[in-house]
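First residue of the sequence shown: 251, per my numbering; consecutive thereafter.
Don't be surprised by glycine CBs; every beta carbon is placed ideally from N, CA and C.
Since the structure comes first, as structure tokens, the remarks are kept for the end.
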Amino acid sequence: MVKYKILKSCDLNDEKIINYLFNLNYLRWLQNNDAWLNNLTIIVAIKNNKIVGHLSLIKQPLTVPVYNETLKIANKIIMELFVQTFHVSELYRRLGIGLSLQELALTETKSQNCYQLRSWSSFDKKGNYQLKLKLGFSFAPSFIESNGKKIAGGYFIKTV
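Structure, rendered in structure tokens:
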């Protein structure tokens with residue numbers, strides 16, 4: 251049986267979780283700055299006392315990147331949860347763990363009073379594409395630049 255645990259930034263002193271993220275080379279995404287870390291949520295999947303998957307979320311204002319303008323409704327800033335990292339260990343894929351992590355992320359989006367859940371994924375992550383489309387996410391093709399190279403992919407967005 252898989253158990254799920256939702257951790258806020260104040261709970262991130264768990265050495266097991268830190269080591270798990272470090273071994274995946276995901277810890278670098280979670281070491282930005284204090285303001286950023288204060289808006290961090292990590293959902294972990296645990297089976298037989300072993301972390302077998304996770305999804306990390308950052309709560310942030312919804313902005314228009316080119317103009318860096320924050321979107322508002324009735325003068326209230328619109329917030330979103332952005333999926334920073336998502337991983338299920340290979341031996342545990344296709345067992346519903348990724349689906350459960352994404353569903354918990356959607357529930358967390360509602361509980362944090364956010365407008366939407368958004369993520370970016372490179373096109374080589376075929377399983378993630380199928381999962382997100384199955385859950386009813388919208389898809390917007392795009393690319394990012396990393397180390398001078400363009401990486402094809404897209405944004406997945408679901409309002410809650």
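Length of the line joining the Cα atoms of residue i and residue j
i	j	result
Tyr-379	Glu-265	31 Å
Gly-403	Pro-391	6 Å
Tyr-317	Ile-327	16 Å
Gln-310	Ile-394	19 Å
Glu-340	Asp-374	15 Å
Asn-298	Asn-273	19 Å
Ile-268	Lys-322	35 Å
Gln-362	Leu-356	10 Å
Lys-416	Asn-289	In the structure as shown, the chain starts at 251 and stops at 410, and residue 416 therefore has no counterpart that could be examined.
Ser-396	Ile-308	20 Å
Asn-275	His-337	11 Å
Pair within 8 Å by beta-carbon distance, residue i and residue j
i	j	result
Val-314	Gln-366	no
Ser-306	Gln-334	yes
Arg-344	Phe-406	no
Leu-385	Cys-364	no
From the options, residue whose alpha carbon lies closest to that of residue i
i	options	result
Leu-257	Met-329, Asn-325, Glu-330, Leu-354	Leu-354
Phe-389	Ser-372, Gly-398, His-304	Ser-372
Lys-255	Thr-335, Asn-275, Thr-291	Thr-291
Lys-382	Lys-360, Gly-346, Leu-321	Gly-346
Leu-312	Met-329, Tyr-405, Phe-336	Met-329
Ile-301	Tyr-342, Ile-323, Ala-324	Tyr-342
Ala-295	Gly-398, Ser-350, Ser-259	Ser-350
Gln-401	Ala-324, Lys-384, Trp-370, Gly-377	Here the sequence assigns Ile to residue 401, which means Gln is not the residue at that position. Answer by Cα proximity: Trp-370.
Ser-259	Ile-293, Thr-359, Asn-325	Ile-293
Residue i beta carbon near the ligand MN (any heavy atom closer than 7 Å)
i	result
Lys-376	Only the bare structure without any ligand can be found here, which leaves the ligand MN out of the picture.
Terminal residues of the alpha helix (DSSP H) in which residue i lies
i	result
Glu-340	It is not in any alpha helix (DSSP H) - Glu-340 carries neither H nor E in the DSSP assignment.
Lys-408	Taken as a continuous stretch (DSSP letters only), Lys-408 belongs to no alpha helix (DSSP H), being part of the beta strand (DSSP E) at 399-409.
Ile-267	265-273
Lys-258	Looking at the DSSP string, Lys-258 is not in any alpha helix (DSSP H); the run it does join, the beta strand (DSSP E), is 252-258.
Leu-385	Taken as a continuous stretch (DSSP letters only), Leu-385 belongs to no alpha helix (DSSP H), as it is neither H nor E.
Range of the contiguous beta strand (DSSP E) that encloses residue i
i	result
Ser-361	Run containing Ser-361: none in the beta strand (DSSP E); it sits in the alpha helix (DSSP H), 347-361.
Kindly provide the ranges of any alpha helix (DSSP H) runs that are 4 or more residues long and lie completely inside the segment 283-325, ordered along the chain. Counting only runs of 4 or more, we get 284-287.
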